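**Student:** Residues in the sequence shown are numbered consecutively from 1, following the working numbering. Sending over a structure as structure tokens; questions will come in a sec.
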Amino acid sequence: MRAGLRRWWWLWLLAIALPLQAGEVRLSDEPSFNLARALDYLEDPRGELTLDEVLLPAQQARFGPLPPIGPGPNFGLTRSAYWLKVTLDVPHGLPREWLLEVGYATLDRVDVYAPHAFGYARQAGGDGLPFSARVVAHRNHVFPVSFIPGARTTLYLRVQSDGTLSAPMRLWQPAALWQQDQVSYATLSLYFGLLLGLLVYNLLLFLSVRDIGYLIYAAFAAAMGVAQAAMSGLGAQFLWPEWPAWTAVSVPVGQATSAMLGLMFARSFLATRARMPRLDKLLLAQMAGWGLALLASLFLHYHVAGYMVAMLSVMGVVTLAAIGYLSIRRGYAGARYFFTAWALLLLGVVTLSMHNLGFLPSNALTSNSLLIGSALEMVLLSFALGDRINVARRFKELAQARIAAEQAMVHALSNSQAHLKQVLGEREAILNNAVVGIVLSVNRRHEWVNEKFAQMLGYPAQVLIGQSSMHIHPDEASWLRFGDEARAALIATNGYTCERQLKRRDGELFWVEMGGSCIRPHEPDSGVIWTFLDITARKKSEAEIREALEQQKALNELRTRFVAMTSHEFRTPLAAILSAEEVLRHYGDRLPQAERIETLDSIADGVQRMSRMMDRVMLLGKADAGMLDFVPGQVDLRALCRQLVEEARRQHPQSRCKVAARWGAGVGRGLYDEKLLRHIFGNLLSNAVKYSPGGGDVDLHVRREAGEMVFEVIDQGIGIPPDEIQHLFGSFHRASNVGQIQGTGLGLAIVKNAVEMHGGRIEVASELGKGSRFTVRLPLQAEVVPA
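Pasting the structure below:
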């Protein structure tokens, strides 16, 4: 006996002395402490470890902290047992007696080990035991623990469950827990009182109206109450305290039963068998799945039922929410309440499923999400049933009013039938001869249309009556958007006007100016009278005016660039000419012959430069006016390429570029306009040399390719900014990175026109700082004869 006591005393001292990996919680005079984030855990896959083995250093080293983010002490559906430990620092002056609450009622087994004078004392709990075996009578698992003020104490918990294994732990001062229980038990009482009230209310309605939907709903509320009682722990405490076997399966059995009854209620409430036969088959299939889940809950391992319930819950509520949305679209009575109810329950089911699978932390919101969602769902479904009663009452009242009105109408018609026919005929003739289309629409369907509207759309008027207005809109999204906007405007102002495109019978789109007003002020559901005026011609004129304005804007920009270019390009040679003229005027008789000739050459160069620029402007003007001559003739491409390369070298004698021409097989004589070819490749080669200030290779490659003659001018120059390539062939446009390199911005515009005169195309590929590649593709005007 003494040896055993010494062994327990040694293990207790070892547990206190070892460095703790768990976060240490320092107690104070606060009423409670959340221990969830201060826990270390050890997984026991086989569930065979004892406390003696856990206290050994080898097992202590296996303890690890819970992740800093994630669900905390929530391990989802698992067959493993888990050991949890937490170290508490109890300062002097604090009470010795505390209560440890594990706030997840459906745990099968919870063992708490707290130190005492001879080692560790064990307290057993969990819903696998009769409720009378619990140390503290509470719906959750509550254990009294004692601490020595001024010392550190390590608590160990072993938890294991066939269902979701979640262990949210909180340490309470006893009075604080009892005070908190007043709130939690009162809240749960309100919930179950609500369920009981709804159950009794709907049973009475069933007895009154004999509608099977109310009976199904009452059974659904009862099944939901069983499931929630099991999950909250109130069932084990008050309803079946000595039936631990039923406690173990009550949660999935209650959920499966309530789910089947909920699907049955949806089929009855929305009449899906008649209205949505395909979705009705899906509901029947899911009911069969829930029946299998119910059998699995009773006869198979809890994990099988747990996974089935988690998956089927999400599928079922998503299906019901989708059916509710479709019912809203189709205007079924009570559909809005039905959709909102199942959407809220879907949120609760998804939250609880993610909690049960270990993806969400265990707290008051996540562990009770189904309870909250089901309470809201029950209330809204009751509203849906009540709305159906109101709709039935309104239909009855309308039917009675219609019968009375019909009787009065028969009496009135018998006295003034002929006069009424005359008046109606005159009014209909006036409406049919109106210059605008007129439509009476109720719930977005044509109740009456005049002949003008039918002519606009290309349909007989009889075909349009009774049709949905969706088919005259370009697409369903446009129709829905228009309907929502129009309804809001009609309710707010009793009127709505807009310009929209509609679709004719042949698919052609046309513009109308349409306006609507309610038959009854601010009540679009009573009917709306729409007028339609065809404004297609006006829209076309507006588009033409906008296009003309854009062209004028582009012309103004072109004029601005032209003025800027000419002012710059003329100023430079004119300044050189003026300078040379002053030199000759003042010093001409004293200048040596060589310097006089050089001065005269500079004047000639300036004049030639201005002349070349004017030639380019005139050439571009001819091209834009369609007056550029295209005179094809036999051209020796190899000889022309050699000449163009030599001219490029002579034009830029100071350049360090190596200019060369290469051609492939099949390049010889062809039918082209030589003058235009010189404009094309002279400009491209000149630009390649000019915009390669650092030198490098400038190549002209020519090859024959698939019925085309392909010319490539490749350089290693400064390149072109990517966002400016699309503007490169515009008149007077120069790239932003050319710096002080001279140019007019006309060369590439002339090149593009000359290429298009040949029926060809030009492509550009460039990379800043690495060079450019201009590719010209000209169709073979005639068979090329190799030279």
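Ideal Cβ positions, reconstructed from N, Cα and C, are used throughout, including at glycine. Here the structure is a predicted model, which is why all the values come from computation and not from measurement.
Taking buried to mean at least 16 other C-beta atoms within 10 Å of its own C-beta, is S541 buried or exposed?
**Tutor:** By the neighbour-count rule (16 or more Cβ atoms within 10 Å), S541 is not buried but exposed.
**Student:** What three-state label does DSSP hand T531 in the structure shown?
**Tutor:** DSSP places T531 in strand when its eight states are reduced to three.
**Student:** Considering only the alpha carbon of each residue, which of V112, G717, Q726 and Y191 lies closest to S369?
**Tutor:** For the residues V112, G717, Q726 and Y191, the minimum Cα distance to S369 belongs to Y191.
**Student:** What is the rounded straight-line gap between the Cα of A124 and the Cα of Q160?
**Tutor:** Those two C-alpha atoms are separated by around 12 Å.
**Student:** Alpha carbon to alpha carbon, what distance is there between D111 and D40?
**Tutor:** Going from the Cα of D40 to the Cα of D111 covers about 16 Å.
**Student:** Note down the Cα distance separating G515 from T497, rounded to an integer number of angstroms.
**Tutor:** Straight-line Cα distance between these residues: approximately 4 Å.
**Student:** Could you tell me which of R37, D108, L77 and A117 sits nearest to L84, measuring between CA atoms?
**Tutor:** If we check each option's Cα against that of L84, R37 comes out closest.
**Student:** Have a look at A15 and S32 and give me their C-alpha separation to the nearest angstrom.
**Tutor:** Caution is warranted here: a pLDDT of 36 is assigned to A15, below 50, making its placement in the model unreliable, and the coordinate value is therefore given only provisionally. The straight-line gap from Cα to Cα measures roughly 25 Å.
**Student:** List in chain order: all unbroken alpha helix (DSSP H) runs of 4+ residues lying wholly within the stretch 655-743.
**Tutor:** Segments of the alpha helix (DSSP H) lying fully in the stretch 655-743: 674-690.
**Student:** Comparing C-alpha positions only, which one of G254, I323 and L360 sits nearest to L295?
**Tutor:** The shortest Cα separation from L295 among G254, I323 and L360 belongs to G254.
**Student:** Below 8 Å, how does it come out for the stretch 628-647 and the stretch 674-692: are there three or more Cβ pairs, yes or no?
**Tutor:** The stretch 628-647 vs the stretch 674-692: in contact.
**Student:** Residues in the same chain with beta-carbon distance under 7 Å from R487, minus the five sequence neighbours each way, listed in chain order, please.
**Tutor:** Same-chain partners within the cutoff: P524.
**Student:** Within the present structure, is the beta-carbon of L49 separated from the nearest heavy atom of the ligand MN by less than 7 Å?
**Tutor:** As far as ligands go, the structure on display features none, and thus does not contain the ligand MN.
**Student:** Classify G289 as buried or exposed, calling it buried when 16 or more other Cβ atoms lie within 10 Å of its own Cβ.
**Tutor:** It counts as buried.
**Student:** Check this for me: beta carbons of H446 and V436, under 8 Å apart or not?
**Tutor:** No, the pair does not count as a contact, with Cβ atoms beyond the cut-off.
**Student:** If we count the other Cβ atoms within 10 Å of its Cβ and call it buried at 16 or more, is Q228 buried or exposed?
**Tutor:** It counts as buried.
**Student:** How would you label G507, buried or exposed, when you count the other beta carbons within 10 angstroms and need 16 or more for buried?
**Tutor:** Exposed: under 16 other Cβ atoms inside 10 Å.
**Student:** For M276, which residues does DSSP report across the bridge?
**Tutor:** In the DSSP output, where bridge partners are listed per residue, M276 has none listed.
**Student:** Alpha carbon to alpha carbon, how far is M308 from A259?
**Tutor:** Straight-line Cα distance between these residues: approximately 12 Å.
**Student:** By the DSSP assignment, the alpha helix (DSSP H) with I465 in it spans what residues?
**Tutor:** Note, I465: premise wrong, no alpha helix (DSSP H); not H, not E.
**Student:** Looking at the unbroken alpha helix (DSSP H) that takes in N74, where does it start and where does it end?
**Tutor:** Unbroken run through N74 is the beta strand (DSSP E), N74 to L77; no alpha helix (DSSP H).
**Student:** Please list the segments of the beta strand (DSSP E) lying wholly inside the stretch 501-532, counting only runs of 3 or more residues, in order along the chain.
**Tutor:** Whole beta strand (DSSP E) segments, 3+ residues: 509-520.
**Student:** Counting only runs that start and end within the stretch 243-305, where is the alpha helix (DSSP H) found for 4 or more residues in a row?
**Tutor:** Here the runs fully enclosed are 244-270, 272-275 and 277-299.
**Student:** Please classify I762 as buried or exposed, where buried requires at least 16 other C-beta atoms within 10 Å of its C-beta.
**Tutor:** Classification for I762: buried.
**Student:** With distances taken between CB atoms, is the gap from L671 to P632 smaller than 8 Å?
**Tutor:** Cβ atoms of L671 and P632: closer than 8 Å.
**Student:** Quick one: Cα of L778 to Cα of V710, how far?
**Tutor:** Using only the alpha carbons, I get a separation of about 7 Å.
**Student:** Please classify Q179 as buried or exposed, where buried requires at least 16 other C-beta atoms within 10 Å of its C-beta.
**Tutor:** With fewer than 16 other Cβ atoms within 10 Å, it is exposed.
**Student:** Reducing DSSP to helix, strand and coil, say where W178 ends up.
**Tutor:** Reduced to three states, the DSSP call for W178 is helix.
**Student:** Please state the DSSP three-state secondary structure of R330.
**Tutor:** Three-state DSSP puts R330 in coil, outside helix and strand.
**Student:** Going by other Cβ atoms of all chains shown within 10 Å of its Cβ, with 16 needed for buried, is D475 buried or exposed?
**Tutor:** Flag for D475 reads exposed.
**Student:** Under 8 Å, do V698 and A706 count as touching if we go by C-beta distance?
**Tutor:** No, these two residues do not count as a Cβ contact at 8 Å.
**Student:** With 16 as the cutoff for other CB atoms within 10 Å, does K770 come out buried or exposed?
**Tutor:** Looking at its Cβ environment, which holds fewer than 16 other Cβ atoms inside 10 Å, K770 is exposed.
**Student:** Could you give the distance in angstroms between the alpha-carbon of V423 and the alpha-carbon of G527?
**Tutor:** The predicted model places V423 with a pLDDT of 41, which falls under 50 and marks its position as unreliable; any figure quoted below should be read in that light. Answer to the nearest angstrom: the Cα atoms are 22 Å apart.
**Student:** Given that a residue counts as buried once 16 or more other Cβ atoms are within 10 Å of its Cβ, and exposed if not, what is A418?
**Tutor:** Caution is warranted here: a pLDDT of 47 is assigned to A418, below 50, making its placement in the model unreliable, and the coordinate value is therefore given only provisionally. The residue is exposed, with fewer than 16 neighbouring Cβ atoms inside 10 Å.
**Student:** At the level of alpha carbons, what is the spacing between R427 and G331?
**Tutor:** Since pLDDT at R427 reaches only 48, below the 50 mark, its modelled position is unreliable, and no value is offered.
**Student:** Between Y191 and chain D, is there a C-beta pair that is closer than 8 Å?
**Tutor:** Any reference to chain D falls outside this structure, which holds one protein chain only.
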